[in-house]
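Asker: Going by the numbering used here, 876 is the number at position 469 of the sequence shown; the sequence numbering is gapless. All C-beta atoms in this analysis are idealised placements derived from N, C-alpha and C, irrespective of residue type, glycine included. Encoded as structure tokens, here's the structure I'll be asking about.
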Amino acid sequence: MTENLMINIAVIILFLPFLGFVVTLLLGSKIKKIYYFENFVLFLGLAGSIIIAFGKLTSFDATTITSEFTWINLGNTPIMGEIKINLGILIDNISTLMMVVVMLISFLVHIFSIEYMRGDPRYNRYFAYLGLFTFSMSGIVLTHNILMMYIFWELVGVSSYLLIGFWFEKKSAADAGKKAFIVNRIGDIGMFIGILILFTTYHTFTFDDIFQQISQGHLPFDSGFWLTITGLLIFAGAIGKSAQVPLHVWLPDAMEGPTPVSALIHAATMVAAGVYLVVRIFGILTADAMLIIAVIGALSAFIPATIALTQNDIKKVLAYSTVSQLGYMIMALGVGAFKFAFFHLITHAFFKACLFLGSGSVIHAMHHEQDIRNMGGLRKKMPITYYTFLIASVAISGVPLTSGFLSKDGILAGSYAFANLTGHYLFPIVGFFVAMLTAFYMFRLIILTFHGEPRDKEKYEHAHESKFTMAMPLVVLSVLSIFFWYTPNPVNPEDGWVLSDWIKAPQLYTPENTRYEFMVPDEHTNVQPGSEEIMYSETYVEAMHAIHIPAMILSLLIAGLGILLAYLFYQWKRIDVGKLVEKFKGLYNFSFNKWYFDEAYDATAVNGTLGLSRLLGRFDLKIIDGIVNGTAYITKGFSTFIGKFDNVVVDGLVNFMAYLSGFIGLVFRRFQTGKVQTYLVFVLVSVVILLFIFKSF
């Protein structure tokens, strides 16, 4: 396979979902089963992405393949200098792996949706929206410049709004779609400002061109501080898309959309876009930016995990779990564990998609019941759903022989090594504690949903295993959650190959005085400039090796403790949950009410915005409209006065002069007799009068 062929296939993959979107949307009302076309093009896209991944990873492992064309060329402008914008495709190991994940999850969601959405009045439109979303995500993954990424980034926002609010006749779904759209705009504004700073500084949007100039010491406003600010502004977009604290509040509400949409948006695609963005700009992040990113990731891992402990909606438990796991990935990027952050993105995509689709299978069987307190005993009725859900839960808990164990173990080891080198022990503490919480709330979910006796007999009696089109994706995703797809040695992957070996960390482009010492290549490694991979210092490598086994043992003990506690609470009932809740009512309510984030935002941002709007409305009504209306009233009064002045004074004078002239004419008309004798008499009389007057003087 040649590079040109790979580029051509990538372009075809990019536009196949868009073709499906257009055809399905336009012909949906005319051809009843046109959705099969959308499914077919997704299958072609998946096949193409696998072909590219195989060719890239086997033949071009150390090569970055790009292709671009000039979109806009304005030449030299008086203010901005040269403006030339190129668009193009980037194929490297990260984009090819991500493309396989996006296409595979999207294809399986399409298959699952065939049965799950059957009977919906907007059936074909639903599949068209899925195609638009997949096209948008493909654009984010394959682009070689940040402007094109931002264009597709916004398109993802639009398509997710359409999918989350798909059942817009429900107020809760319509509100959830608006909430997701608006909250994401907050982060996107920061990202847009960061992009503008990059373009103002470097006159290009292309990643490689920007990175090269930074590596040569050309920084925004000639300051390492502004490079940090720029990185954090772009990261703000990731905070929104990946639902990180404090912009995480949209994701649980987005569960109002169809469950397959939850799997697509909240497992491998939309929420992963933020992590993928940080992966793409990782090489320009300074030490200060990375530390802030790590803190936000740690908070986003911890807070949602504590909320998931008490939620009763099966999809909301998984939603908060998603936020928590994304926090893991962001924290891993912040502490420099680049490979394991992206590795966890891949593994998490499969087992979280399996969990969401599994919850959809349960909801479908229980006639759209989502409260786990009304479930129970379903493992007898739905064995395939149960065992696939169990495998995915074991994987997310980090139990050995699963994919989650491999990636999570690397993150924990990386955070511990980072702490040993920098003294920031908050990160490994959060990492290990969240691992225990994850195991606890996932097995609480399993026990309440599948174990014990049914709590709603009527719905239980009508429950049954899902059909093949819904069960098959669950089996595929659960199998992909097992270790052998990622390494043949699950205990010590370093003895053989592991998927993370294909994840090439980018070169560090930031100045040496702005980054951590352990992220600078040692002199004896002889890394050539422009190398694709970071060669961590021996100090960092040794720290990770030294902590690997203790971290693995500790994570196993903690995960086991979480699972044990879940069984003690909910399976064996050795601990009375009701009494415990009463004893810690305040903490329980704090968790159950989601740390009161929504209430706090309603009281501040929402009510503040509404209050400001009302204030501006009154200001507009009373002041602006008052000025306008007052001016109109004064103008009207003045016009009335002028009108009356014109009618009475001006017209009066004019009319008076006319009347006077008429009167004078009327008087003198009497003297105009036309007789010469009369005129002579008038002359004589006039002469006499004049003589008399002159004589008087």
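Find the nearest neighbour of I419 within the set W478, F534, F542 and A953, judged by alpha-carbon distance.
Answerer: As a working mapping, residue 419 is identified with position 12 in the sequence shown. With distances taken between Cα atoms, I419 lies closest to F542.
Asker: Rounded C-beta distance between G597 and F425? I'm assuming under 8 Å.
Answerer: Position 190 of the sequence shown, counted from the start, is the residue given in the question as residue 597. Position 18 of the sequence shown, counted from the start, is the residue given in the question as residue 425. In fact, because the Cβ distance is near 28 Å, the residues do not count as touching under 8 Å.
Asker: Specify, as a first and last residue, the run of the beta strand (DSSP E) that G482 falls within.
Answerer: Here residue 482 refers to the residue found at position 75 when the sequence shown is read from its first residue. In this chain, the beta strand (DSSP E) harbouring G482 covers I472 to T484.
Asker: Have a look at Q732, D616 and Q718 and flag the residue whose alpha-carbon is nearest the alpha-carbon of R780.
Answerer: Position 373 of the sequence shown, counted from the first residue, corresponds to residue 780. That would be Q718, whose Cα lies nearest to the Cα of R780.
Asker: What residue range is occupied by the uninterrupted alpha helix (DSSP H) comprising I699?
Answerer: Residue 699 sits at position 292 when you count from the first residue of the sequence shown. Taken as a continuous stretch (DSSP letters only), the alpha helix (DSSP H) holding I699 covers A694 to A715.
Asker: Please report the distance separating the alpha-carbon of P507 from that of T754.
Answerer: The residue given as residue 507 occupies position 100 in the sequence shown. The residue given as residue 754 occupies position 347 in the sequence shown. First, the residue type needs correcting, since residue 507 is Val and not Pro in the sequence shown. For V507 and T754, the distance between alpha carbons rounds to 12 Å.
Asker: Which value, in whole angstroms, describes the spacing of the CA atoms of F1089 and S1046?
Answerer: Looking up residue 1089 in the sequence shown gives position 682. Looking up residue 1046 in the sequence shown gives position 639. Roughly 52 Å separates the two Cα atoms.
Asker: Roughly how many whole angstroms lie between the Cα atoms of I954 and G805?
Answerer: Here residue 954 refers to the residue found at position 547 of the sequence shown. Here residue 805 refers to the residue found at position 398 of the sequence shown. Near 17 Å, if we compare the C-alpha coordinates of G805 and I954.
Asker: Measuring CA to CA, which of I910, Y923 and H831 is closest to K746?
Answerer: The residue you call residue 746 lines up with position 339 of the sequence shown. It is I910 whose Cα lies nearest to the Cα of K746.
Asker: For a test of the three-state rule: what should DSSP assign to T917, helix, strand or coil?
Answerer: In the sequence shown, counting from the first residue as 1, residue 917 sits at position 510. Correct three-state label for T917: coil.
Asker: If you draw a straight line from the alpha carbon of T676 to that of F1004, how long is it in whole angstroms?
Answerer: Position 269 of the sequence shown, counting from 1, holds the residue named residue 676. Position 597 of the sequence shown, counting from 1, holds the residue named residue 1004. Approximately 25 Å between the Cα atoms of the pair.
Asker: Sort out for me which residues DSSP pairs K491 with in a bridge.
Answerer: If you number the sequence shown from 1, residue 491 lands on position 84. The bridge partners DSSP lists for K491 are N480.
Asker: Using three-state DSSP, classify D1027 as helix, strand or coil.
Answerer: Locating residue 1027 in the sequence shown gives position 620, counting from the first residue. Helix, per DSSP.
Asker: Applying the criterion that 16 or more other CB atoms from any shown protein chain within 10 Å of the CB defines a buried residue, is F428 buried or exposed?
Answerer: The residue given as residue 428 occupies position 21 in the sequence shown. For F428, the number of other beta carbons within 10 angstroms of its own is at least 16, and it is reported as buried.
Asker: Measuring alpha carbon to alpha carbon, tell me which residue in I688, N591, S545 and V652 is nearest L634.
Answerer: On the sequence shown, position 227 is the one that residue 634 refers to. In terms of CA proximity to L634, I688 leads the group I688, N591, S545 and V652.
Asker: Within the same chain, show all residues whose beta-carbon is closer than 6 Å to that of G734, passing over the 5 residues directly before and after it, in chain order.
Answerer: Taking the sequence shown and counting its residues from 1, one reaches residue 734 at position 327. If we look at G734 and ignore the five residues flanking it on each side, its Cβ neighbours are G704, S707 and A708.
Asker: Got a sec? Which residues, its chain only, sit under 8 Å from M544 by beta carbon, not counting five neighbours each side?
Answerer: Walking along the sequence shown from the start, residue 544 turns up at place 137. Correct list, in chain order: V509, S513, F559, V563, T676, M677 and A680.
Asker: Take F796 and list the residues in its own chain whose beta-carbon comes closer than 6 Å to its own, dropping the five residues that flank it on each side.
Answerer: Counting from one through the sequence shown, the residue named residue 796 turns up at place 389. These residues qualify, in order along the chain: G765.
Asker: Sorted by chain position, which residues of the same chain lie with C-beta nearer than 8 Å to V590's C-beta, five sequence neighbours on each side aside?
Answerer: Here residue 590 corresponds to residue number 183 of the sequence shown, with the count starting at 1. If we look at V590 and ignore the five residues flanking it on each side, its Cβ neighbours are G647, L654, V656 and W657.
Asker: Can you tell me whether DSSP reads S938 as helix, strand or coil?
Answerer: Your numbering for residue 938 matches position 531 in the sequence shown. Because the pLDDT of S938 is 43, which lies under 50, any placement of that residue in the model is unreliable, and the question is left without a value.
Asker: Kindly indicate which three-state DSSP category M408 falls into: helix, strand or coil?
Answerer: If you number the sequence shown from 1, residue 408 lands on position 1. Reduced to three states, the DSSP call for M408 is coil.
Asker: Please state the DSSP three-state secondary structure of I803.
Answerer: Locating residue 803 in the sequence shown gives position 396, where the first residue counts as 1. Helix at I803.
Asker: Give a yes or no on whether the C-beta atoms belonging to L432 and A535 are separated by under 7 Å.
Answerer: For this step, residue 432 is matched to residue 25 along the sequence shown. For this step, residue 535 is matched to residue 128 along the sequence shown. Contact: yes.
Asker: Is F618 close to chain B? Criterion is C-beta to C-beta, closer than 7 Å.
Answerer: Of the chains in the structure shown, none is chain B; there is only one protein chain.
Asker: Rounded to the nearest angstrom, what separates T894 and I965 at their Cα positions?
Answerer: For the purposes of this step, residue 894 is taken as the residue at position 487 of the sequence shown. For the purposes of this step, residue 965 is taken as the residue at position 558 of the sequence shown. Each residue's alpha carbon lies about 24 Å from the other.
Asker: Would you check if the stretch 783-800 and the stretch 847-862 touch, i.e. whether three or more CB-CB distances between them fall below 8 Å?
Answerer: yes
Asker: Evaluate L481 with the Cβ neighbour count: other Cβ atoms within 10 Å of its Cβ, from every protein chain shown; 16 or more gives buried, anything less gives exposed.
Answerer: Position 74 of the sequence shown, counted from the first residue, corresponds to residue 481. Under this definition L481 is an exposed residue.
Asker: Within a Cβ cutoff of 7 Å, which residues of the same chain sit near I699, ignoring the five residues on either side of it in sequence?
Answerer: Numbered from its first residue, the sequence shown carries residue 699 at position 292. These residues qualify, in order along the chain: L639.
Asker: Out of G817, G1072, A454 and L762, which has the shortest C-alpha to C-alpha gap to A670?
Answerer: Taking the sequence shown and counting its residues from 1, the one referred to as residue 670 is at position 263. Of the candidates G817, G1072, A454 and L762, the one whose C-alpha sits nearest the C-alpha of A670 is L762.
Asker: If you count every other CB in all the chains shown that lies within 10 Å of the CB of P957, and 16 or more means buried, which is it?
Answerer: Against the sequence shown, residue 957 aligns to sequence position 550. So P957 counts as exposed.
Asker: Can you list the alpha helix (DSSP H) stretches of 4 or more residues lying completely in the stretch 810-871, in chain order?
Answerer: Those alpha helix (DSSP H) runs which fall completely within the stretch 810-871 and span 4+ residues are 810-829, 833-857 and 864-869.
Asker: Thinking C-beta only, is K787 closer than 7 Å to A870?
Answerer: Numbered from 1 along the sequence shown, position 463 holds the residue referred to as residue 870. Numbered from 1 along the sequence shown, position 380 holds the residue referred to as residue 787. For A870 and K787, no; Cβs fall outside 7 Å.
Asker: Going by C-alpha to C-alpha distance, which of I518, M849 and L603 sits closest to K759?
Answerer: Position 352 of the sequence shown, counting from 1, holds the residue named residue 759. The shortest Cα separation from K759 among I518, M849 and L603 belongs to M849.
Asker: Report the three-state DSSP secondary structure of N415 (helix, strand or coil).
Answerer: Indexing the sequence shown from 1 puts residue 415 at position 8. If DSSP states are grouped into helix, strand and coil, N415 belongs with the helices.
Asker: In three-state terms, what does DSSP make of L887?
Answerer: Within the sequence shown, residue 887 is the residue found at index 480, counting from 1. Looking at L887 - three-state DSSP - the assignment turns out to be coil, as it is neither helix nor strand.
Asker: Whole angstroms are fine: how far does the CA of L740 sit from the CA of Q619?
Answerer: Here residue 619 corresponds to residue number 212 of the sequence shown, with the count starting at 1. Here residue 740 corresponds to residue number 333 of the sequence shown, with the count starting at 1. For Q619 and L740, the distance between alpha carbons rounds to 21 Å.
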